[in-house]
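What follows is a short report on a single structure.
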Amino acid sequence: MKTQFVYLAAAALFILSIKWMSQVRSSRRGNWAGSLAMLLAVAGTLAYTGVTTTSLGWVAGAIALGAVIGIPMAVFMPMTAVPQRTALSHAFGGLAAGLVGTAEYLQYAPHINHFAMGALATEMLLGYLTFTGSMLAFGKLQEIIPTQPIIYPLRNIISIATLLVAIGSGVFLTMHPENATVMWVLMGASLLFGILLVLPIGGADMPTVIAILNSYAGLSASAMGFVMNNKLLIIAGALDGSSGLILSILMCKAMNRSFANVLFAGVGQTIVKAQTGPAKSVKAYTVEDAVSMLDGARMVIIVPGYGLAVAQAQHAVKELAAVLHQRGTEVKYAIHPVAGRMPGHMNVLLAEADVPYDDLLELEHVNPLFPEADMAIVLGANDVVNPAARHDKSSPIYGMPILDVDKARSVMVVKRSMNPGFAGVDNELFYLDNTMMVFGDAKKVVMEMVADFKRIAA
Amino acid sequence: MHEISSADIIENLFVFVLASFLGLELIRGVSRLLHTPLMSLTNAISSIAIVGSLLLVTAHGMDRTTTLLGAAAICCSAINAIGGFMITERILKMFKRKGGAA
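So the protein lines, in turn, are chains A and B. All residue numbers in the first sequence are consecutive under the numbering used here, ending with 459. All residue numbers in the second sequence are consecutive under the numbering used here, ending with 717.
Structural data, given as structure tokens:
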């Protein structure tokens, strides 16, 4: 009974925690409320349930090991690795749910009623598929595994068949909880499905996939709540589940694609051939050209993309902005919702470089500003600035809301090479009259620009 | 095993559905600026699954296998809980307004 009151308080704090997270001003309070709730829930569980001394040893050991692994990961991890860490934590969440499911089954079968077994099967399915799916996402983000979609014949049929086997064995177990073999089939099929789900996903679709896995990790915790008849688990899991759902819907909208398209289309595996016709040429410029163009500019909008994260150029960009600011140029940043590898990735990266968040503008707010901008500087972004999305019905990215950089008086694109972006589409922007291409590593180019400005000033 | 009745399932479904709708409303209100820390916060919150594994390990008469699997689950959730709130704090600390105020 006492435990239930503690759980009630924890549930209320979790809800407040997310409410406070809505704004920067109250967000840290939100994080503290969440931490307090977790502490209460753990302490309440240990204090009011009959803990034996032997089990206490296991509990203390496991929590200590978790702290030894978790604390260094949180303290020393570079900010550019946030997407990987997030994927890894979804994997841990899924694995925990899956393991508890298996353990409960092994402990109590065949004395499990149908209702409990149904919830248990759901918990295992969600937990194990989240585990392997997130491990694979981690591998891709860490670039241990190739980031391109991995495509093989009949992949959609194989994936769906695997999912059907997992669901089928879950349903069978619910009817016949005593059949242990089917439990192992359920476990195996769920683990396999997680892998098959993420294999055909390319790097730029990661924001959506991470959000979906976030949702599954929450739902698996909720399913555990159904198994254990524990409402705190159900509530906390549901909050996480709905968060992942909303984020994945937002990511899909930002790409004008459906869930099914993200999961099954394998976009990015083929390079769309550039249109036939007269060979188009780009105008390559030097850093000096770019600097002279920027001289006297009133407003400059910087458009960061994943390339900025790869080049670790966020601090260099901040320096360039400071130099421009000194010369009387207003500098804004245009943030596309799917820029980077997870929702909000660019915001975190720029915040790390001390860029004030009032200068980070969302798509709807920044697009009206481009016609007034003297220059848009595109750093490591590609598909999100391709004007073809507005008018070329044959383009795979047609209909995707883009940043209208081409409407700026001039556009500077910093890029390593002419390789097409993730979607494999040639970018019209590069061939426009007002576009200047500067080839090179984003960080190096930006640093050279800063040095050049300083030389002029001296 | 906790005996679960159909009444329990219905009651829990009510809780689940209401919490989900509440979650959807709350999350919709979160600024896009904070989507990364939001994800790390909700992930830390979902490590509440640690309560489930604690209940499993501390119950009487558990097999060695159950204890081992449960302890592994506690460890996974502890990594997420401790690391998750800490990393969220680290990310949030970086967000500054013009002039340096948070």
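Even glycine gets a Cβ: it sits at the ideal position worked out from N, Cα and C. Only a predicted model underlies this, so the values are computations on that prediction, with no experimental measurement involved.
Taken through DSSP and simplified to helix, strand or coil, residue 363 (chain A) comes out as strand.
Note on geometry: alpha-carbon atoms of residue 308 (chain A) and residue 34 (chain A) lie some 35 Å from one another.
Proximity of chain B to residue 344 (chain A) at the Cβ level (cut-off 9 Å) is accounted for by 647, 650, 651, 653, 654, in chain order. By the 16-neighbour rule on beta-carbons within 10 angstroms, residue 405 (chain A) is buried. Taking all protein chains in view, the Cβ of residue 165 (chain A) is surrounded by fewer than 16 other Cβ atoms within 10 Å, so the residue is classified as exposed. Within the stretch 76-109 of chain A, contact with chain B at the beta-carbon level (separation under 8 Å) is assigned to 76, 78, 80, 83, 86, 87, 90, 91, 93, 94, 96, 97, 98, 100, 101, 103, 104, 105, 107, 108, 109. Not a single C-beta of chain A is nearer than 8 Å to the C-beta of residue 625 (chain B).
Within 10 angstroms of the beta-carbon of residue 76 (chain A) lie fewer than 16 other beta-carbons, which makes it exposed. Looking only at A:62, A:197, A:175, the smallest Cα-Cα distance to residue 694 (chain B) is reached by A:62.
Distance between residue 221 (chain A) and residue 240 (chain A), taken at the CA atoms: about 12 Å. Residue 155 (chain A) is classed as exposed because its beta carbon has fewer than 16 other beta carbons within 10 Å across all chains shown. By the C-beta criterion, the stretch 98-105 of chain A is judged to be in contact with the stretch 126-140 of chain A, since at least 3 inter-stretch pairs fall below 8 Å. Put simply, the CB of residue 309 (chain A) is far from chain B, with every gap to its CB atoms at 8 Å or more.
For residue 42 (chain A), the closest alpha carbon among the candidates A:88, A:386, A:12 is that of A:12. About 19 Å separates the CB atoms of residue 624 (chain B) and residue 173 (chain A); that is not less than 8 Å, and the two are not in contact. Secondary structure note for residue 334 (chain A): its beta strand (DSSP E) is the uninterrupted segment 331-336.
Between residue 134 (chain A) and residue 187 (chain A), the CB-CB gap reaches or exceeds 8 Å. A direct Cα-to-Cα measurement between residue 376 (chain A) and residue 640 (chain B) gives close to 39 Å. Residue environment for residue 633 (chain B): exposed (fewer than 16 other C-beta atoms within 10 angstroms of its C-beta). In this structure, the CA atom of residue 621 (chain B) is about 22 Å from the CA atom of residue 670 (chain B). When CB distances to chain B are screened at a threshold of 8 Å, the residues of the stretch 216-230 of chain A falling below it are 218, 219, 221, 222, 223, 225, 226, 227, 228, 229, 230, in chain order. Here the alpha carbons of residue 638 (chain B) and residue 138 (chain A) stand approximately 25 Å from one another.
Closest option to residue 91 (chain A), judged by alpha-carbon separation, among B:656, B:705, B:676: B:656.
Interface annotation, residue 340 (chain A): not in contact with chain B, CB-CB separation never under 8 Å.
In this structure, the straight-line span from the alpha carbon of residue 64 (chain A) to that of residue 325 (chain A) is close to 50 Å. Close to residue 358 (chain A), with beta-carbon spacing below 8 Å, are these residues of chain B in chain order: 648, 710, 711, 712. In this structure, DSSP gives residue 411 (chain A) an extended state, which the three-state scheme calls strand. In this structure, residue 195 (chain A) and residue 260 (chain A) do not form a Cβ contact; the two beta carbons are roughly 17 Å apart against a cut-off of 8 Å. Taking 8 Å as the CB threshold, residue 643 (chain B) lines the interface with chain A.
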